[in-house]
Structures are given as C-alpha cells and as structure tokens.
Amino acid sequence: MSEDSVVLISGAASGIGRRIAERMLAEGYGVHICDSSTANVDAFLAANPTATATVADVGRRDDADRVFMELLENHGHLNVLINNAGIAGPAVPVEDCDEDGWNECIQVNLTGAFYMTKRAIPLLRKSKSASIINIASTAALMGCPFRSPYVASKWAQIGLTKTWAMELGPDGIRVNAVCPTSVEGPRIERVIELEAKQRGRTTDEIRDVYLR
Numbered sequence: 007m008s009e010d011s012v013v014l015i016s017g018a019a020s021g022i023g024r025r026i027a028e029r030m031l032a033e034g035y036g037v038h039i040c041d042s043s044t045a046n047v048d049a050f051l052a053a054n055p056t057a058t059a060t061v062a063d064v065g066r067r068d069d070a071d072r073v074f075m076e077l078l079e080n081h082g083h084l085n086v087l088i089n090n091a092g093i094a095g096p097a098v099p100v101e102d103c104d105e106d107g108w109n110e111c112i113q114v115n116l117t118g119a120f121y122m123t124k125r126a127i128p129l130l131r132k133s134k135s136a137s138i139i140n141i142a143s144t145a146a147l148m149g150c151p152f153r154s155p156y157v158a159s160k161w162a163q164i165g166l167t168k169t170w171a172m173e174l175g176p177d178g179i180r181v182n183a184v185c186p187t188s189v190e191g192p193r194i195e196r197v198i199e200l201e202a203k204q205r206g207r208t209t210d211e212i213r214d215v216y217l218r
C-alpha cells in the first residue's frame with residue numbers, strides 16, 4: 007500500500023463496515039465512509055477523527071453523487087471501493103412479503119452497489135492498484151428461508167462480482183466478494199425477533215441457528 011491509498015466504504019458507521027474502516031485506518035489508508043445514520047456517522051468520526059464521511063443513502067442517485075463529490079474534495083482520488091451498505095429487509099414467507107419492503111431491500115443492497123461502483127470506476131482506472139470488494143453474505147451461497155429480498159440482493163451481488171471481475175480486470179481493477187455469516191448486532195437481532203415470531207419459536211432458539 008502506498009502512503010496515499012484511499013478507500014471508500016459504504017454503510018461503514020457501524021457493524022462490519024465500521025470494523026473494516028477502523029482496520030483500514032490502522033493500516034494507513036485514507037478512509038472516507040458513507041452511512042445513512044447521522045448519529046452513527048457522528049459517533050464514528052468522534053472516535054476516528056482522521057477519517058472523513060458523508061451522510062448518505064447509497065440507494066439514492068443524488069446521495070451517491072454527493073458521496074463522490076465529498077470523497078474527491080477530501081482525498082482527490084480513490085484506490086479501493088468496499089460496497090458494504092445493506093439492510094436486512096422483511097423476514098416473512100414470500101407470499102406475505104410487502105412489495106415496498108422488497109423494493110427497498112433491493113434498492114439499498116443491490117442498486118446501491120451499482121450506483122457506487124458506476125461512479126467509482128473512472129477513479130479506479132487511474133489507480134495503479136485498484137480493487138472493488140462487495141460484502142455479500144452466506145445467504146448468497148445457500149439461500150435462507152423467509153429472507154427472499156435479502157437473499158435475492160446478495161445472490162445478485164455475487165453475479166455482478168463475477169461479471170465486473172471479467173469486465174474490469176483488463177483495466178487493472180480487481181473485483182471480489184466476501185460472504186460473511188451472521189454477525190451479532192442490532193440488525194441481526196431484529197431479524198431473529200421477526201423469524202422467531204414467524205416460526206413460533208423462542209428468540210434464543212433462532213439465535214442459536216444464526217450465530218452458531
């Protein structure tokens with residue numbers, strides 16, 4: 007890594023994204039994050055004052071534009087994009103899935119990654135060592151009952167990762183995906199509560215399955 011390498015991480019003011027951002031800071035990267043939660047961004051910057059950040063919803067085109075405007079204002083270039091922003095979506099049988107909930111999950115998890123990648127490519131082409139990392143899920147490898155919108159978005163991310171790797175590889179841009187399993191935190195707790203109710207089981211029983 008060169009001393010001025012810059013990474014942009016979406017959904018990085020909490021959870022997995024925050025841990026990635028803090029590790030990249032420790033490794034010497036310039037770090038710019040975006041996140042839809044103002045409170046979480048403020049807390050992240052208070053703990054990591056050398057980072058920069060934009061409060062933004064990556065599923066909105068205007069917000070994605072603003073992320074890159076502020077990235078360039080603060081750092082001037084980009085070496086690594088990590089598409090981490092995502093929401094859990096509805097946790098219900100497919101026939102009960104609300105269309106708005108479906109659309110929101112796809113918009114943030116999948117279209118958001120597209121918006122960010124589309125805007126990052128011209129900057130990454132200028133880098134001697136460029137990389138895009140999509141944070142997918144083990145749900146993209148094996149499926150997950152009652153999680154249709156989330157699973158659809160993550161399987162699609164894997165398809166895009168493979169496609170973008172073939173498309174952008176000749177330009178020197180590496181594209182990979184990471185597939186974490188469930189991670190303890192507020193988001194998975196909400197999923198556990200919804201699924202426990204759906205299955206008529208206790209939250210402890212469902213938690214044992216997700217976090218084993």
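Count along the sequence shown from 1, then add 6; that gives the number in the numbering used here.
We put the CB at the ideal spot given by N, CA and C, even for glycine.
According to DSSP, residues forming a beta bridge with residue i
i: Leu14; result: His38 and Leu87
i: Val181; result: Ile138
Unbroken alpha helix (DSSP H) run spanning residue i, endpoints
i: Ala158; result: Ser154 to Leu174
i: Leu31; result: Gly21 to Ala32
i: Glu110; result: Glu105 to Ile112
i: Arg72; result: Arg67 to His81
i: Asn54; result: That residue, Asn54, is in no alpha helix (DSSP H); it is neither H nor E in DSSP.
i: Lys124; result: Gly118 to Leu130
Euclidean distance between Cα positions of residue i and residue j
i: Val13; j: Val37; result: 5 Å
i: Ala126; j: Ser137; result: 10 Å
i: Cys103; j: Gln163; result: 21 Å
i: Pro128; j: Met172; result: 17 Å
i: Glu110; j: Gly65; result: 8 Å
i: Arg25; j: Asn140; result: 15 Å
i: Ser8; j: His83; result: Residue placement at Ser8 cannot be trusted, given a pLDDT of 49 that sits under 50; the coordinates are not used to answer.
i: Trp161; j: Glu76; result: 31 Å
i: Thr121; j: Asp177; result: Note that residue 121 corresponds to Tyr in the displayed sequence, not to Thr. Approximately 19 Å between the Cα atoms of the pair.
i: Glu33; j: Asn182; result: 20 Å
i: Phe152; j: Leu31; result: 37 Å
i: Arg213; j: Ala145; result: Note that Arg213 has pLDDT 46, beneath the 50 cutoff, so the model's placement of it is unreliable and the number below is only indicative. Roughly 16 Å separates the two Cα atoms.
i: Ala52; j: Val61; result: 14 Å
i: Lys168; j: Leu147; result: 14 Å
i: Ile39; j: Thr208; result: 36 Å
i: His81; j: Trp170; result: 25 Å
i: Gly149; j: Glu101; result: 17 Å
Range covered by the beta strand (DSSP E) that runs through residue i
i: Val61; result: Thr58 to Val61
CB-CB length for residue i against residue j, believed under 8 Å
i: Asn90; j: Gly165; result: Wrong, their Cβ atoms sit about 18 Å apart, outside the cutoff.
i: Ala19; j: Asp41; result: 4 Å
i: Gly118; j: Ser43; result: About 15 Å; that fails the 8 Å criterion.
i: Ser159; j: Ile112; result: 5 Å
i: Ala94; j: Tyr156; result: 6 Å
i: Ile179; j: Leu116; result: With 8 Å as the limit, Ile179 and Leu116 do not qualify as a contact, their Cβ atoms being about 20 Å apart.
i: Ser154; j: Pro186; result: At roughly 20 Å, the Cβ-Cβ gap does not stay under 8 Å, so Ser154 and Pro186 are not in contact.
i: Gly92; j: Val114; result: 6 Å
Near the ligand ADP: residue i beta-carbon under 6 Å from a heavy atom
i: Trp170; result: Absence of the ligand ADP from the depicted structure is noted, as is the absence of any ligand whatsoever, leaving it without description.
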